[in-house]
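Chains as they are written, first to last, in full-length UniProt numbering: chain H, 1 to 258; chain S, 1 to 222; chain E, 1 to 222.
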Amino acid sequence: MIDRATAPLVSVSGLQKAYGALQVLQGIDLTMKPGERLVVIGPSGGGKSTLLRVMMGLENINGGSITFAGKPYIHAGATPAKTAIDVQVRRSIGMVFQHYTLFPHLNVLQNLILAPCKVRGEKKSAATERANTLLIRFGLGQKATAFPSQLSGGQKQRVAIARALMLDPKLMLFDEVTSALDPELVGEVEQVILQLARQNMPMMIVTHDMWFAKNIASRVLFCAGGFIVEDGPPEQVLGAPKEERTKDFIDRVFHIRQ
Amino acid sequence: MAPLDFSVLLRFQDALLTGLLTTLELTLICIVLGCAIGFFVGLARTSDNRILRGVSGFYVEFFRGTPVLIQLFWIFFCLPLLLGTELSNFTSAVIALTLYMGAITSETFRASLRSIGREQYDACVALGLPRWTQTTSVVLPQAVLRAIPTLLSNCISLFKESALVSAVGMTDLMFIGSNISNNTARPVEVLTAVALIYFVIAFPLTRAVTFIEQRILTKLAV
Amino acid sequence: MNYSFDFQSVTRNFGPLLDGLVVTLQLTAAANLIGLTLGFVVALMVMSRWGVVRWPATMFVEFFRCTPALVQIVWFFYCVPMLFNVFLGSVTMGIVALGLNLTAFNAEAYRASIQAVPREQLDAGIALGLNPLQRILYIVLPNAFRASVPVLLTNGIGIFQQSALVAIVAVQDLMYQGKTLATQTYRPIETFTIVALIYFAVSFPVGQLVGYLERRRATLAE
């Protein structure tokens, strides 16, 4: 029998993705264990956001495959359009985007309960109760009937996180979720994610915020040119990188000039 | 020239009112029917089915690419010949203006469907929403909301275009106005009054469009 | 349906239709000339800071946008000669009426695109030390003109279609010739279909061009 604590949650092998002639992911191999919190850093255009979008099943792929919790999830086909994505498996993954992507015509509560009611056939009353609990936990108890346009960026992003959690995901993907926020609002969103981290929620995070990366990561990947250049614990990748490219990048984002 | 004498209008106020009611009735019927057609044609134009796309595209382009007057004449003079039955003035006018309204509102619906960003579809996938829920709970409500201001503009256009039915002898506001003007030889007073009646109805509606547009854009701004 | 088509009776009489098309194109070209130039002036007046300039211009625009074009044309043909004691040739009258209508719609298009120039662009102009005139000449107008081209084209082809209305006041344009021919030949279906196709053949390419320009702008904006 496979040991549940060490069996991989995600395993990616030979993942390739191209936009036309542009190779964005050039054969990624990656395994992620349950309870791990992967932070993906790297220069723009290095493939980190694409990796997350592929994980969410938002993109067709050109080669390779992904298994999730032991089940086949995504498999490349003869052409990118024939990529096989298991929709049932996809439902156990949640994602939060840079630009909130709340549904503007629905209020906060309606945003939260739409998927549970429609996807799982949950009763409206039960979903509402769970939604309210989540909102209170995230400091949004007063905002249940507000519309997205009436919220600050930080509030919107917390609602987006709550909305994703309503489906009890087994893995959460965060794609630059604080990049569009005013600096003073970044903290409240990061606190919510740290709170999830303390409950051992497996997650993959793309971020430019090195302080946040250091605090939340159990493992850091440095992605550039469509490859994983370096992969290790945060102290190593952020503190004493082995690879020259990682070192260059870290130096530049921390403004260290020698 | 003879001094202006607006009292002539008082003598004919009942006739003008009857004409206005015909204009409004015609406009309202065509708004309802035209919007219904426009909604489905708008969907058909964004469909994956090539035949559906081709037929709906041809319909819209043809009605947007020809004068409403000729559409009206065609339906008024030609359709009865083809069908081999008489069509009343009112029926012909309703058919013609409905088809015109259907064509312009379908463009409105199509544009608002296309204005929904890629991220909204991504969010639906990330939440695992089935295709049907995505369409009925996320895409269509937003598309309809976004379409409202332009739809209202379309209604105002239709209201104005409806004056054309006077050319095929339907007794709408314009027809009665020109008749009175011819009979009394007082075109300045009568035609100005007719123009003002159209204006008094259309103008507040155009203001409403601007107001509603701002409200909806603020609400949907995310 | 047992109607036997006879397109020959129309094609034999193609001469008058072509004459009509020439008149229609003249009307369209002249009205566009007026609309494009006068429309710009009126747009500037609408945005003026002086009420005396702003109010008449605004009234002009709103009045022409909120009344049926047919009413405007009929009003022009009957009332202008009485009020001002002038009667220009009927084509000239048609041109002026259509030209003023287009002026109102184009003024609105110019205004919207001028006001849509982002505030930051002007701020950048100030920061670069450009004076107010330079900011208008080098920043606002180039931006605005490019943005307004699709709408101006749409309005321009719209007036091509609206020009059919002058047939009602006996200007011998394409629509008028079509109507006459339909009566003479007793072949309304064939005649009106061909007339509609002629209008369509001119409008459709322009519509496609507008679509292309808008798509290109959208891609450039990304």
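Virtual Cβ for every residue (Gly too), placed ideally from N, Cα, C. In this text the structure is predicted, and so the values were computed from the model without any measurement.
Next on the checklist: Taking the alpha carbon of residue 180 of chain H as the reference point, which residue from H/31, H/144, H/208 and H/142 has its own alpha carbon closest?
Outcome noted: H/208
Item to check | Beta-carbon contacts of residue 177 of chain E that lie in its chain and below 7 angstroms, excluding the five residues immediately before and after | outcome: 16, 17, 19 and 20
Item to check | Bridge partners - residue 223 of chain H, DSSP secondary structure assignment | outcome: H/228
Checklist entry - If you compare alpha carbons, which of E/122, E/164 and E/145 is closest to residue 110 of chain E? => result E/145
Next on the checklist: Using CA atoms only, rank isn't needed, just tell me which of E/68, E/8 and E/43 is closest to residue 113 of chain E.
Outcome noted: E/43
Item to check | Within-8 angstroms CB hit, residue 46 of chain S to chain E | outcome: no
Checklist entry - Do the CB positions of residue 261 of chain H and residue 39 of chain H come within less than 8 angstroms of each other? => result Absent from the model: residue 261 of chain H. The displayed extent of chain H is 1 to 258, so no value can be given.
Checklist entry - Mind listing which residues of the segment 123-155 of chain S have their C-beta closer than 8 angstroms to chain H's C-betas, in chain order? => result Taking a C-beta cut-off of 8 angstroms against chain H, the contacting residues of the segment 123-155 of chain S are 123, 125, 126, 127, 128, 129, 130, 133, 137, 138, 141, 142 and 145, listed in chain order.
Checklist entry - Shortest alpha-carbon distance to residue 119 of chain H belongs to which of S/128, S/114, S/184 and S/89? => result S/128
Item to check | Beta carbon proximity, residue 254 of chain H to chain C, threshold 8 angstroms | outcome: This model lacks chain C altogether, as its protein chains are H, S and E.
Checklist entry - For residue 76 of chain H, does the three-state DSSP call read helix, strand or coil? => result coil
Item to check | Within chain S, the residues that residue 118 of chain H reaches when beta carbons sit closer than 8 angstroms | outcome: Result: 129, 130, 133 and 137.
Item to check | Contacts around residue 174 of chain H, its chain only, beta-carbon distance under 6 angstroms, and the 5 residues preceding and following it disregarded | outcome: 96 and 205
Checklist entry - Which residues in the same chain have their Cβ closer than 7 angstroms to the Cβ of residue 102 of chain S, if we skip the five residues on either side of it in sequence? => result Excluding sequence neighbours, residue 102 of chain S sits near 34, 37, 38 and 41.
Checklist entry - Near residue 29 of chain H, what residues of its chain come up, given a Cβ to Cβ distance below 7 angstroms and the 5 sequence neighbours on each side ignored? => result Here the set comprises 12, 13 and 14.
Checklist entry - Using a Cβ-Cβ cut-off of 6 angstroms (strictly less than) and excluding sequence neighbours within five positions of residue 86 of chain H, which residues of its own chain qualify? => result 73
Checklist entry - residue 236 of chain E to residue 25 of chain E, Cα distance in whole Å? => result Missing from the structure shown is residue 236 of chain E; chain E here goes from 1 to 222 and no further.
Checklist entry - So what's residue 29 of chain H in DSSP terms, helix, strand or just coil? => result Looking at residue 29 of chain H - three-state DSSP - the assignment turns out to be strand.
Next on the checklist: For the segment 105-119 of chain S against the segment 147-154 of chain S, do three or more pairs of beta-carbon atoms, one drawn from each stretch, fall closer than 8 angstroms, so that the two count as touching?
Outcome noted: Taking a contact to require three or more Cβ pairs closer than 8 angstroms, the segment 105-119 of chain S and the segment 147-154 of chain S qualify as touching.
Next on the checklist: Between which residues of its own chain and residue 230 of chain H is the CB-CB distance below 7 angstroms, once the five residues before and five after are set aside?
Outcome noted: 222, 237, 241, 242, 243 and 246
Next on the checklist: Using the three-state DSSP reduction, which class does residue 116 of chain S fall into: helix, strand or coil?
Outcome noted: coil
Item to check | Residue-chain proximity (residue 1 of chain H, chain S), Cβ-Cβ < 8 angstroms | outcome: Here the model assigns residue 1 of chain H a pLDDT of 45, short of 50, so the residue's position is not dependable, and the following value carries that caveat. By this cut-off, residue 1 of chain H is not an interface position.
Next on the checklist: Suppose the cutoff is 6 angstroms on Cβ atoms and the five residues either side in sequence are ignored; what does the same chain contact list for residue 28 of chain S look like?
Outcome noted: none
Checklist entry - Closer than 9 angstroms, Cβ to any Cβ of chain S: which residues of the segment 53-64 of chain H, in chain order? => result 53, 56, 57 and 58
Next on the checklist: For residue 4 of chain S, which residues in the same chain have their Cβ closer than 7 angstroms to its Cβ, ignoring the five residues on either side in sequence?
Outcome noted: 188 and 189
Checklist entry - For the alpha helix (DSSP H) that contains residue 19 of chain H, what are its first and last residues? => result Membership of residue 19 of chain H in any alpha helix (DSSP H) is not indicated; the residue belongs instead to the beta strand (DSSP E) covering 10-19.
Next on the checklist: Tell me the DSSP secondary structure of residue 92 of chain H in three-state form.
Outcome noted: Under the three-state reduction of DSSP output, residue 92 of chain H falls in the coil class, being neither helix nor strand.
Checklist entry - Which residues, taken in chain order from the segment 166-186 of chain E, show a beta carbon closer than 8 angstroms to some beta carbon of chain S? => result 167, 168, 175, 178, 179 and 182
Item to check | Outcome for residue 202 of chain H when other beta-carbon atoms lying within 10 angstroms are tallied against a minimum of 16 | outcome: buried
Next on the checklist: With H, G and I counted as helix, E and B as strand and the rest as coil, what does DSSP make of residue 50 of chain S?
Outcome noted: helix
Checklist entry - Mind listing which residues of the segment 110-121 of chain S have their C-beta closer than 7 angstroms to chain H's C-betas, in chain order? => result 119 and 120
Checklist entry - If you drop the 5 nearest sequence neighbours on each side, which residues of the same chain put their C-beta closer than 8 angstroms to that of residue 99 of chain H? => result If we look at residue 99 of chain H and ignore the five residues flanking it on each side, its Cβ neighbours are 180.
Checklist entry - Is residue 71 of chain E close to chain S, meaning its C-beta is less than 8 angstroms from at least one C-beta of that chain? => result yes
Checklist entry - Using Cβ-Cβ distances below 8 angstroms, what residues of the segment 198-210 of chain E are close to chain S? => result 199, 200, 203, 204 and 207
Checklist entry - According to DSSP, is residue 205 of chain H helix, strand or coil? => result strand
Item to check | C-beta contact flag for residue 46 of chain E and residue 61 of chain E at 8 angstroms | outcome: In this structure, residue 61 of chain E lies closer than 8 angstroms to residue 46 of chain E by Cβ.
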